[in-house]
Ligand code: ATP
Ligand code: MG
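Structural data, given as structure tokens:
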């Protein structure tokens, strides 16, 4: 039997992982200069958190989440060998001891189970009715809630907001600025740039103000990060999707326009007319494009406050010399967004060309039970896509091995091991073969491992108190005493 990674997930191997680390470190460094600190979040949360924040009608929640019941492990498996009375007793014990939820409906199920048990055990009841009672017992058992519904996180904003509320972070001075790095999970159709476990680098700013300067600074930070990792050809698209004052009326208008062209739309868009009409604007189907082009633009239906907010955002971007393009069709697939929305695309990605999505979510903290005054804005970068785009443009990582210590003669091994340790203490990456190798094999391995230098430790070298160092790229070589060798290698070590 051969095991393989499941569909839609993948391994990121060295040396590529080194490039990932470099990119993630660049995010930490750049975000730090804007006052952001890293938050490390759980990978799973109650399903309800995502349902409430992202919205039950969104694709993410309706179709894509990995959800499971957090069952206790201690229950005996239900089967022909476990008598119903033992299983019922085990359930009761699990409920008393808090392993399964002690809730009203569960107590009712347990009472029901005991009722059926009584009938099964009563010799005076005819056999036929006792067998029927067993059927009822099994059916009733199916209604017990063994554990909480949990989901692997499909995104992290909901978790950040949950943590913000849980830890009373609104009492911290100034704006709360958090960034995160890690895997997300969505059960989508795998393709280039779309995976079931994918990675995001994201940041969130939470605080009492919704000033557009904050939105612009968040975008500036994002672009500073992209510049730091040398992403070229990134394009910024912005839009405003209004707020709870003006969006509902626009959505109504959109819906009634969509109903008029219902017949001409594909099945997905037809379904979305009722459930999530804004998402129709997101459609990539070529035959729908001329229809969508004629739909009303939200910019023409913003309330005064939203229109001013959007105008000021554009002014704030301009004063930072940030180039952008307005895209009235830019809506986000998550319900909590309002006003500012933005997306960044990068080259080399085919149709999955969005490397970052973000926007404002002023009502989310309140929706999740936090202080109503807290506003929020943030973004999430799709790291997988960012890496694809960087690699497409030629970014590559090497293994980063600095030195191969080739030793010859059993007596030299202690000196070779001691040298390897001293080099490593200087942050130099060293490979030391565990067993003696023939000279030719040893140097060929050094070469194939991509080492930049070979240091030769032989009996002659030891006697002379020197090491031979050979630069593998051009075979240039010389003899150096230990202190000089350390100095020389330290200076030419890989960054
Ligand atoms: P898309 O329209 O491409 O599906 P989205 O609107 O669902 O993106 P968001 O939820 O806003 O994406 O997530 C932000 C970013 O995360 C996206 O711009 C993208 O780069 C990345 N992303 C989202 N889903 C995936 C996935 N399944 N695989 C890889 N990256 C993803
Ligand atoms: Mg998506």
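Numbering (our numbering), first residue to last: 775 to 1269.
Note that CB positions come from ideal geometry on N, CA and C, so glycine has one too.
Bear in mind the structure is a predicted one, so any value in this text is a computation, not a measurement.
- Taking residue 1144 as the centre and dropping the five residues before and after it, the same chain places the C-beta of 935, 938, 939 and 944 closer than 8 Å to its C-beta, in chain order.
- Considering only 1079, 1180, 923 and 828, the residue with the shortest C-alpha distance to residue 819 is 923.
- Assigned with DSSP and collapsed to three states, residue 1125 falls in coil, not helix or strand.
- Of all C-beta pairs linking the region 1149 to 1165 to the region 1134 to 1141, three or more are shorter than 8 Å, placing the two stretches in contact.
- Beyond the five residues adjoining it in sequence on each side, residue 964 comes within less than 7 Å, by CB distance, of 781, 782 and 970 in the same chain, given in chain order.
- Straight-line measurement puts the Cα of residue 1203 at about 21 Å from the Cα of residue 1232.
- Annotated three-state conformation of residue 1250 is strand, per DSSP.
- In this structure, residue 1184 places its C-beta atom within 8 Å of the C-beta atom of residue 1210.
- Taking C-alpha positions only, residue 993 is separated from residue 1008 by approximately 12 Å.
- With a cutoff of 7 Å, residue 1200 does not count as near the ligand ATP, since its C-beta is closer than that to no heavy atom of the ligand.
- Taking 8 Å as the cut-off, the beta carbon of residue 1169 is found no closer than this to the beta carbon of residue 1122.
- Short note on residue 1133: C-beta not closer than 7 Å to any heavy atom of the ligand MG.
- Partner residues in a beta bridge of residue 1036, as assigned by DSSP, do not exist.
- Distances from the CA of residue 894 to each of 911, 1044, 821 and 1198 were compared; the closest alpha carbon is that of 911.
- No heavy atom of the ligand MG is found nearer than 7 Å to the CB of residue 782.
- Within the region 1161 to 1188, the complete beta strand (DSSP E) segments at least 3 residues long are 1177 to 1181, listed from N- to C-terminus.
- In the assembly as shown, residue 1117 is a buried residue. Its beta-carbon has 16 or more other beta-carbons within 10 Å.
- Annotated three-state conformation of residue 958 is strand, per DSSP.
- At least one heavy atom of the ligand ATP lies closer than 7 Å to the C-beta of residue 1158.
- Across the set 889, 946, 1001 and 972, the C-alpha of 1001 shows the shortest separation from the C-alpha of residue 803.
- Beta-bridge partners of residue 820 (DSSP): 924.
- The continuous alpha helix (DSSP H) containing residue 1044 extends over residues 1041 to 1049.
- For the options 1087, 955 and 1069, the alpha carbon positioned closest to that of residue 1012 is the one of 1087.
- Within a 10 Å sphere around the beta-carbon of residue 1214 sit fewer than 16 other beta-carbons, which makes this residue exposed.
- According to the DSSP assignment, residue 861 belongs to no beta strand (DSSP E) but to the alpha helix (DSSP H) extending over 858 to 870.
- Inter-residue distance for residue 1040 and residue 1062 is about 8 Å (C-alpha atoms, whole angstroms).
- Here residue 1077 is not near residue 1014, since their CB atoms are 8 Å or more apart.
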